[in-house]
Amino acid sequence: MLHKDMGLVSQVFSVEELHRLKGNRAIGHVRYSTTGSSNVKNAQPFVVDTARGQLAIAHNGNLVNAAILREELESRGSIFQTTVDSEIVLHLLAQPRPASTAMAALRRLEGAFSMVLMSENEIIGVRDPYGFRPLCLGKLNNAYILSSETCALDLIHAEFIREIEPGEVVIISEEGVRSEWPFPDGRSAFCMFEYVYFARPDSTIRNVNVKAVRVRMGRELARLHPVEADVVVPVPDSGTYAALGFSEELGIPFDLAFVRNHYIGRTFMQPSQLIRDFNVRVKLNLIGEVVRGKRVVVVDDSIVRGTTARARVVNLREAGAEEVHIRVSCPPHRFPCHYGIDFPNPDKLLANQCTLNEIARYLEADSIGYLDVAGMVQAAQQSENQFCLACFTGNYPVPFDKELDKHVMERRRSQTHLIAEAGQNQPVLFPYLP
Ligand code: AMP
Numbered sequence: 001m002l003h004k005d006m007g008l009v010s011q012v013f014s015v016e017e018l019h020r021l022k023g024n025r026a027i028g029h030v031r032y033s034t035t036g037s038s039n040v041k042n043a044q045p046f047v048v049d050t051a052r053g054q055l056a057i058a059h060n061g062n063l064v065n066a067a068i069l070r071e072e073l074e075s076r077g078s079i080f081q082t083t084v085d086s087e088i089v090l091h092l093l094a095q096p097r098p099a100s101t102a103m104a105a106l107r108r109l110e111g112a113f114s115m116v117l118m119s120e121n122e123i124i125g126v127r128d129p130y131g132f133r134p135l136c137l138g139k140l141n142n143a144y145i146l147s148s149e150t151c152a153l154d155l156i157h158a159e160f161i162r163e164i165e166p167g168e169v170v171i172i173s174e175e176g177v178r179s180e181w182p183f184p185d186g187r188s189a190f191c192m193f194e195y196v197y198f199a200r201p202d203s204t205i206r207n208v209n210v211k212a213v214r215v216r217m218g219r220e221l222a223r224l225h226p227v228e229a230d231v232v233v234p235v236p237d238s239g240t241y242a243a244l245g246f247s248e249e250l251g252i253p254f255d256l257a258f259v260r261n262h263y264i265g266r267t268f269m270q271p272s273q274l275i276r277d278f279n280v281r282v283k284l285n286l287i288g289e290v291v292r293g294k295r296v297v298v299v300d301d302s303i304v305r306g307t308t309a310r311a312r313v314v315n316l317r318e319a320g321a322e323e324v325h326i327r328v329s330c331p332p333h334r335f336p337c338h339y340g341i342d343f344p345n346p347d348k349l350l351a352n353q354c355t356l357n358e359i360a361r362y363l364e365a366d367s368i369g370y371l372d373v374a375g376m377v378q379a380a381q382q383s384e385n386q387f388c389l390a391c392f393t394g395n396y397p398v399p400f401d402k403e404l405d406k407h408v409m410e411r412r413r414s415q416t417h418l419i420a421e422a423g424q425n426q427p428v429l430f431p432y433l434p
């Protein structure tokens, strides 16, 4: 049985709906699409009927050879229902056998994929050979669970067993759990941005707790860009742990000046700059007393377009802050991600368009300081060559099609469709840039 819609889980699944679900296996997906537009047709999991029975998929990551694979499949008669790269995996797996085995089909995939597949008899976890995105295995009584993050296991009192290794395929059936290794060896390239922002702080990845990494990132940032100030305030919730580390390292009091409205969705995902600006303002309100007449350090995990940081500086100045210093717990984002994090085109990335001085001026900050790659790696307590740092360095572990962007499959299918979406593709302006 398939049920899916747009919105929060609690809005999509009522208790009655959950009671109607029958069977002893299920897969789910709560991620917005990073290829294809965000609409219900593109929402996962996808389910198809094949000659070998039903097959379902939930995928985290991006395939970098999606356009080529899709063209090849369409030329052989495949009909696609969506514009998401993940659907390609189902078509490859549905190909006639023994001409193509399941493992041979998986070997065709390039890029980032942590996936959970469900067939009529098995649940299968697949992690690409670079291990860009997380995937772990847990157990509750006699049931096995695959999850992106360990926090999901905690919530249902399941036991964490282990992470799925990069390049591993785990097959769970009535017979138990077994592994296959269909991919050639890759170098581990776990996405650093998972530690910086994406993962939940209560998750553990590669035996390191995410919250602890963020606090250490804040400490490293303070060592790299110290400042004399009266108070350190985070942009909640994303900057909270880094701000804590920053304040501890320099002995500057930590305070919560911004109050978050939890009923507003993710401002980052709004299609137009106007709506993003408005939502960023409504999302956080400021307690003026905390900052009035003070030298304030405001800490966030990342600056992408600059919308959030700029709005925060305006708030702080309006409330009477004497100085506003911005500190960011990762390096400047200069390059797009092709492996599943939704960053905009390079021309919309503030750090791609401006120098550090220009960024500070645009944000109207008294100073700005970013963490560097070395500090980030130090905070994660692993070696640099274990990570994908492409969005900071431009060194991409897996080559990608230069034309590749979020809407690649829509563009090749229909020019008219692209025009209808022009709002998303309009150039962004940094209107206040001197
Ligand atoms: P911006 O306002 O465009 O500069 O975006 C920066 C804010 O969005 C920061 O507070 C980040 O925590 C958050 N953020 C950064 N990257 C992403 C992403 N890929 N998806 C959602 N939020 C993000």
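Sequential numbering of the sequence shown, starting at 1, is according to the numbering used here. Glycine included, C-beta positions come from ideal geometry on N, C-alpha and C.
Where the beta strand (DSSP E) containing residue i begins and where it ends
i	result
F46	F46 to T50
V259	F258 to R260
N285	L284 to L286
L137	C136 to L140
F392	Not the beta strand (DSSP E): F392 falls in the alpha helix (DSSP H), residues A390 to T393.
G245	Segment T240 to L250 is the alpha helix (DSSP H) holding G245; no beta strand (DSSP E) there.
Y144	A143 to S147
E16	From DSSP, E16 is part of no beta strand (DSSP E) but of the alpha helix (DSSP H) over V15 to R20.
R107	First-last for R107: A102 to R107, but that is the alpha helix (DSSP H), not the beta strand (DSSP E).
D300	R295 to D300
L153	Run containing L153: none in the beta strand (DSSP E); it sits in the alpha helix (DSSP H), T150 to L155.
S203	Here S203 belongs to no beta strand (DSSP E), and DSSP marks it neither H nor E.
Endpoints, the alpha helix (DSSP H) within which residue i is located
i	result
A58	Premise fails: A58 lies in the beta strand (DSSP E), G53 to N60, not in any alpha helix (DSSP H).
K211	V210 to L224
C330	No alpha helix (DSSP H) holds C330; DSSP gives it neither H nor E.
S75	A66 to S75
S86	S86 to L93
Y362	L356 to L363
S10	V9 to V12
R312	T307 to E318
G375	V373 to A380
L435	Residue 435 lies beyond the residue range present for the chain, which begins at 1 and ends at 434; the question has no answer from this structure.
Candidates the options, of which the one nearest residue i by Cα
i	options	result
H225	L63, Y396 and L371	L371
D185	E110, N141 and M192	E110
P253	L389, K348, D230 and E16	D230
D342	V304, R223 and A58	V304
V9	A51, V328, A43 and Q381	A43
V227	A152, R327 and P331	R327
F193	C391, F400, K22 and G288	C391
T150	E163, A143 and N142	E163
V126	L153, V89 and S100	V89
C330	R70, D366 and R214	R214
A379	S37, E318 and F246	F246
V48	N39, L92 and E17	L92
R108	L63, D255, K283 and A143	L63
L438	P236, N285, T308 and Y263	Nothing about residue 438 can be reported from this structure: the residues present for the chain run from 1 to 434 only.
Q95	N395, L55, T82 and Y130	L55
G61	L356, S114, T101 and V15	S114
K283	S173, Y263 and V297	Y263
D260	A243, S272, P336 and P234	As written in the sequence, residue 260 is Arg, which differs from the Asp given in the question. Residue P234 is the option with its Cα nearest to R260.
C337	V177, A112, L18 and G36	A112
Y396	P344, G251 and Y339	Y339
V196	A102, S383, D366 and D300	D300
E87	R97, R70 and S100	R70
S272	P344, S238 and L106	P344
V208	R97, L140, Q382 and L155	Q382
Beta-carbon proximity list for residue i, same chain, < 7 Å, skipping 5 on both sides
i	result
Q386	S188 and F190
G7	none
G293	G320 and E322
S179	E168, V169 and V170
D255	V231, V233 and V290
Residues of its chain near residue i, where Cβ-Cβ distance is below 6 Å and the 5 sequence neighbours each way are ignored
i	result
R20	none
N352	R334 and P346
A58	I27, H29, Q44, P45 and V116
I145	G138 and A158
E175	none
R502	The requested residue 502 does not occur in the structure, where the chain is confined to residues 1 to 434.
V377	E384
Beta-carbon contacts of residue i that lie in its chain and below 8 Å, excluding the five residues immediately before and after
i	result
K211	P201, D202 and Y241
G375	M217, E220, L221, R223 and L224
M102	According to the sequence displayed, residue 102 carries Ala and not Met. Only L93 meet the Cβ criterion.
Open item on the list: Check whether the segment 306 to 319 and the segment 166 to 177 touch, using three or more Cβ-Cβ pairs below 8 Å as the test.
Closed with: A contact between stretches requires three or more CB pairs, one per stretch, nearer than 8 Å, and the segment 306 to 319 fails this requirement with the segment 166 to 177.
Task: Three CB pairs or more closer than 8 Å across the segment 144 to 162 and the segment 361 to 371 - done: Counting Cβ pairs under 8 Å, fewer than three are found: no touch.
Task: Inter-stretch contact at 8 Å, needing at least 3 Cβ pairs: the segment 133 to 153 / the segment 352 to 361 - done: Under the 8 Å Cβ criterion, the segment 133 to 153 does not count as touching the segment 352 to 361, having fewer than three qualifying pairs.
Open item on the list: Within 8 Å, do at least three Cβ pairs link the segment 103 to 123 to the segment 75 to 84?
Closed with: The segment 75 to 84, when compared against the segment 103 to 123, does not touch it at the 8 Å Cβ threshold.
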